[in-house]
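Below is the structure:
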């Protein structure tokens, strides 16, 4: 067993861990056990349609457990943990839908469209909703038969509705909704609540016995269509950038690479619906928003942002070529260059609807040749292996991603079926962006314990954790870290650390060393909080106070300097030298850079005398808690998170 464990992803960091980290891990294991007893075991069992009772358990469907998860001490610990780099997040799907819906209700030119007349319960449940900012001229152009009424039976026969006609004033829709919905049994009569539910997945639709990955994607695409029109006008876009960055900081994320969609139908309108901003203008809005955010945040927690240029994989070759050329233009632009991380194709990978990567091989190879000739660094960061279609062209995307020189791949769920590809991933140091909750909800695995991630981690394939689309999945990055631990009962704090270290190392950030140095200090502060009992638990076998916590914390501070989000780079002097020693423990160390590897000889807790937990907690909370737009010392309440005008063009991202 020891030989097998030595092959896995946690082993090296477990061996080189400080005394303080080892005690913190022991406490973390106790926290998990207590959560199981105090939260899951005490939750009422549930009765299925056949009369069988099912107890609640740690590691069940995410959507079944999310309310319980948010009551646990482990989740609070995950919220407080500094998470490094978030490398796979679709930009229009990171915040709760209430943010965009709240802005929309004050927009005079906002309009709404429905796939069904809302006249009965079935229509309210099944309809697809879309939004759009429309000028008066556009409304007259689309609504050729006069003002439509979504709550009238006549709406189903409105001329051209299936081709984009039938847009009702959103203000009128909101005014009429309570009366229209209130008169129908079992229909939500609060318009905001109803719309928010429309934007997010529910447990039954996700896990009913007839649901498939294709069916889940159909639901997902409907939600992205809904949210698209709430996102593509200037006021909402600017506000959303601000809220998104605040979310990153609150969730203790140090850096992010966001994936906006760049295509002609995704251009942003002015608030009157008359003038379009192009893709370059959108990039400038993101950059301006980031700079404005940092004027007050000042790198306290969140320290960097880049954009992955994304366009739909369903596009034709000439459209992909145009997208690649625009990505090159952005990288040549002095203002935009440092914010471009890489290039990706998005959309449902399987189900025979999208082109495989090899279909665009000519365009990709020309792009790579141009980058090499001009000295431009724009790596491929491809979605691939997000499928159960073993043996198809979709499944072969993994081979092509490696052959095309991808730096990272998104999802990689199908990787264990391909030992040669997995071997190449390790040899070439290609990282997998794991999205555990996304893969549950979109039908790749019913429960986290069956996720292919654990095969990759057991073979020490470099991986990171990401949310993918937090809005429809009701998740934050804290939820995904929680869920990945729930699927492996013996997963340790060192496993968390390795996933975070890999996220920094395999990012496209420019200042890896300084961010990693700051992160190490945040990590030390976080570990002290665990030992101090901030999240419950104890490392004392009889359940008493955690021994040695104060002295260990004091020695750790003396060695490494003040800890916390605002600590300076110079307070972790040995980070780079120690990185090499930590990296040397890993099987593929020859291929790994030192930028994000951790220090095996960082400041240690050492041999210490007894100290009471309260004293350690006092020292920890006074010196080490950090402020991120309101502070992170009290874990915030988890927010469900959002995405979506008419679906004449591809809208599914992923």
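Numbering (the UniProt record's numbering), first residue to last: 1 to 654. Heads up, the beta-carbon is just placed ideally off N, CA and C, and yes, glycines get one too. All values reported here derive from a predicted model rather than from experimental measurement.
Endpoints, the beta strand (DSSP E) within which residue i is located
i, result
"residue 408", "408-411"
"residue 433", "431-434"
"residue 464", "463-465"
"residue 38", "Per DSSP, residue 38 belongs to no beta strand (DSSP E) and is neither H nor E."
"residue 514", "Taken as a continuous stretch (DSSP letters only), residue 514 belongs to no beta strand (DSSP E), being part of the alpha helix (DSSP H) at 512-532."
"residue 52", "Neither: residue 52 is in no beta strand (DSSP E) and is coded neither H nor E."
N-terminal and C-terminal residue of the alpha helix (DSSP H) that residue i is part of
i, result
"residue 482", "477-486"
"residue 110", "Per DSSP, residue 110 belongs to no alpha helix (DSSP H); it is in the beta strand (DSSP E), 110-114."
"residue 294", "279-297"
"residue 255", "Counting along the chain, residue 255 falls outside any alpha helix (DSSP H), though it belongs to the beta strand (DSSP E) covering 255-259."
"residue 176", "170-182"
"residue 658", "This structure does not reach residue 658, given that the chain is present from 1 up to 654, and the question cannot be answered."
"residue 354", "Element bounds for residue 354: n/a, residue is neither H nor E."
"residue 494", "493-505"
"residue 126", "121-126"
"residue 14", "11-15"
"residue 454", "453-458"
"residue 421", "419-427"
"residue 5", "2-5"
Residue i versus residue j: straight-line alpha-carbon distance, rounded
i, j, result
"residue 3", "residue 11", "10 Å"
"residue 75", "residue 517", "25 Å"
"residue 297", "residue 225", "33 Å"
"residue 498", "residue 312", "32 Å"
"residue 583", "residue 511", "Any reading at residue 583 is ruled out, since the residue's pLDDT is 39, under 50, leaving its predicted position unreliable."
"residue 417", "residue 381", "21 Å"
"residue 167", "residue 100", "19 Å"
"residue 262", "residue 309", "7 Å"
"residue 349", "residue 444", "12 Å"
"residue 364", "residue 420", "23 Å"
"residue 464", "residue 79", "17 Å"
"residue 150", "residue 193", "18 Å"
"residue 109", "residue 271", "7 Å"
"residue 85", "residue 40", "31 Å"
"residue 243", "residue 95", "7 Å"
"residue 325", "residue 341", "15 Å"
"residue 321", "residue 305", "26 Å"
"residue 329", "residue 514", "29 Å"
"residue 457", "residue 449", "13 Å"
"residue 494", "residue 156", "57 Å"
"residue 223", "residue 236", "17 Å"
"residue 228", "residue 531", "45 Å"
"residue 6", "residue 33", "25 Å"
"residue 533", "residue 519", "21 Å"
"residue 595", "residue 407", "Confidence at residue 595 is low in this model, with a pLDDT of 33, below 50, so the placement of that residue should be treated as unreliable; the coordinate-derived value is given next. Near 16 Å, if we compare the C-alpha coordinates of residue 407 and residue 595."
"residue 89", "residue 111", "28 Å"
"residue 399", "residue 292", "42 Å"
"residue 250", "residue 300", "11 Å"
"residue 491", "residue 8", "11 Å"
"residue 214", "residue 351", "7 Å"
"residue 462", "residue 452", "14 Å"
"residue 432", "residue 446", "21 Å"
"residue 106", "residue 140", "21 Å"
Residue from the options whose Cα sits closest to the Cα of residue i
i, options, result
"residue 122", "199, 184, 494 and 157", "184"
"residue 430", "447, 409 and 495", "409"
"residue 286", "234, 390 and 314", "234"
"residue 383", "5, 170, 449 and 343", "343"
"residue 467", "51, 191, 253 and 202", "253"
"residue 246", "216, 524, 386 and 302", "302"
"residue 360", "315, 278 and 462", "315"
"residue 506", "25, 8 and 87", "87"
"residue 345", "116, 337 and 357", "357"
"residue 153", "77, 119 and 273", "119"
Mind listing, in chain order, the continuous alpha helix (DSSP H) runs of no fewer than 4 residues lying wholly within the segment 308-340? 317-332
Counting only runs that start and end within the segment 359-409, where is the beta strand (DSSP E) found for 3 or more residues in a row? You should have 381-384.
Any chance the segment 475-483 sits against the segment 422-442, with 3 or more Cβ pairs inside 8 Å? yes
Every unbroken alpha helix (DSSP H) within the segment 64-117, with a cutoff of 4 residues, ordered by chain: Segments of the alpha helix (DSSP H) lying fully in the segment 64-117: 73-80 and 97-104.
For the segment 401-415 and the segment 18-32, state whether three or more C-beta atom pairs, one from each stretch, are separated by less than 8 Å. These segments do not touch.
Please give the ranges of any alpha helix (DSSP H) in the segment 200-275, keeping only runs that are unbroken, at least 4 residues long and fully inside the region. 203-207, 213-231 and 234-250
Determine contact between the segment 240-254 and the segment 200-216, defined as no fewer than three beta-carbon pairs at a distance below 8 Å. no
Evaluate the contact criterion for the segment 252-269 versus the segment 156-170: three or more CB pairs, one atom per stretch, below 8 Å. no
Can you find at least 3 beta carbon pairs, one from the segment 456-476 and one from the segment 39-55, that sit closer than 8 Å? no
Within the segment 134-162, ranges of the alpha helix (DSSP H) (whole runs, at least 4 residues): 136-142
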